[in-house]
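Undergrad: FYI, the numbering used here numbers position 123 of the sequence shown as 1133, with every residue one higher than the one before it. Don't be surprised by glycine CBs; every beta carbon is placed ideally from N, CA and C. Just so it is clear, the structure is predicted and the values come from calculations on it, not from any experiment.
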Amino acid sequence: MDNTERFRLRQNNPWVERIAEQVFVFNENLVYATFDLTDMAVDTYAIDAVKADSTMGIIENGFRVIEEGNEELQINAFAPGIFWRAPRSASKIVITFINTGDVDIENAIVVVESPGGNLIAPTIELLRANEGLPVLEVMLQEPNGPPGILRPGASGTIEVFVWALPLPSFVVGLK
């Protein structure tokens, strides 16, 4: 699809067309398109991929607009039961997430905070270079998914690294 000119949602009777606002091309078989659904009727639409040479790929009844959806993002954090409290001893917190709702969630952010001021970093290298923060915000990203959007069913895992000193206490939540 590297020569795709545009993507659109389409309905024939009555004629309705909505051009994609953003298109993310991952490879020739994987493309994500975002649409502004403001004032779109609740219904099912075809998805058309129109190439520069006017050839088309069509998925009939491939997109459904629902009246009202539920945004529901679940996160779980897994940390060691015991933090090794030796100087320069790092630990890892693993956070899993899943969009269990039926609508996209835009710009989902997890916040990891250390009430004791311990440094937190997205990589062990940054932590060891003392480039962590006592409050770290991480944008959630679906593997191979569109940037800034968690589609329904999207899930993934992130890891953050922490110092156990001075106080091994951490809070994980959504922004």
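(1) Looking only at its chain, what residues have a beta carbon closer than 7 Å to the beta carbon of Met1188, apart from the 5 residues adjacent to it on each side?
(2) Using 10 angstroms around the beta-carbon of Pro1178, count the other beta-carbons present and answer buried if the total reaches 16, otherwise exposed.
(3) How is the beta strand (DSSP E) around Ile1108 delimited, first residue to last?
(4) Among Phe1107, Ile1103, Glu1135, Gly1091, whose alpha-carbon lies nearest the alpha-carbon of Pro1153?
(5) Is it the case that the Cβ atoms of Ile1069 and Ile1057 are separated by a distance below 7 Å?
(6) With distance defined between alpha-carbon atoms, name the residue in Ser1165, Val1035, Lys1061, Phe1036 nearest to Arg1016.
(7) Note down, in chain order, each residue of its chain lying with its Cβ closer than 8 Å to the Cβ of Arg1018, except the 5 sequence neighbours on either side.
(8) Can you tell me whether DSSP reads Leu1040 as helix, strand or coil?
(9) Near Ser1165, which residues of its chain fall below 6 Å by C-beta distance, leaving aside the five closest residues on each side in sequence?
(10) Suppose you measure from the CA of Val1170 to the CA of Glu1123; what does that come to, to the nearest Å?
(11) Between which two residues does the beta strand (DSSP E) harbouring Ile1068 extend?
(12) Roughly how many whole angstroms lie between the Cα atoms of Trp1025 and Leu1129?
(13) Rank Asn1023, Phe1180, Gln1021 by C-alpha distance to the C-alpha of Ile1105 and give the top, closest one.
(14) Thinking C-beta only, is Gly1079 closer than 7 Å to Asp1112?
(15) From which residue to which residue does the beta strand (DSSP E) around Arg1028 run?
(16) Residue ranges of each alpha helix (DSSP H) run of no fewer than 4 residues wholly in the region 1090 to 1175, ordered along the chain?
(17) Leu1150 and Ala1118 - do their beta-carbons sit closer together than 7 Å?
TA: In short:
(1) With the chain covering only 1011 through 1185, there is no way to say anything about residue 1188.
(2) Under this definition Pro1178 is a buried residue.
(3) Looking at the DSSP string, the run of the beta strand (DSSP E) that includes Ile1108 is 1100 to 1109.
(4) In terms of Cα proximity to Pro1153, the closest of Phe1107, Ile1103, Glu1135, Gly1091 is Phe1107.
(5) Taking 7 Å as the Cβ cut-off, Ile1069 and Ile1057 qualify as a contacting pair.
(6) Nearest option by C-alpha distance: Lys1061.
(7) Result list for Arg1018: Glu1027, Arg1028, Ile1029, Ala1030, Ile1057, Asp1058, Val1060, in chain order.
(8) Strand at Leu1040.
(9) Exclusion of the five residues before and after Ser1165 leaves Ile1108 as the residues of its chain whose Cβ lies within less than 6 Å of its Cβ.
(10) Approximately 11 Å, taken between the alpha carbons.
(11) Here the beta strand (DSSP E) through Ile1068 covers 1066 to 1075.
(12) Each residue's CA atom was taken as its position, placing Trp1025 and Leu1129 some 56 Å apart.
(13) That would be Phe1180, whose Cα lies nearest to the Cα of Ile1105.
(14) Taking 7 Å as the cut-off, the beta carbon of Asp1112 is found closer than this to the beta carbon of Gly1079.
(15) Where Arg1028 is concerned, the enclosing beta strand (DSSP E) starts and stops at 1026 to 1029.
(16) Taken in chain order, the whole alpha helix (DSSP H) runs of length 4 or more contained in the region 1090 to 1175 are 1134 to 1138.
(17) Ala1118 places its beta carbon less than 7 Å from that of Leu1150.
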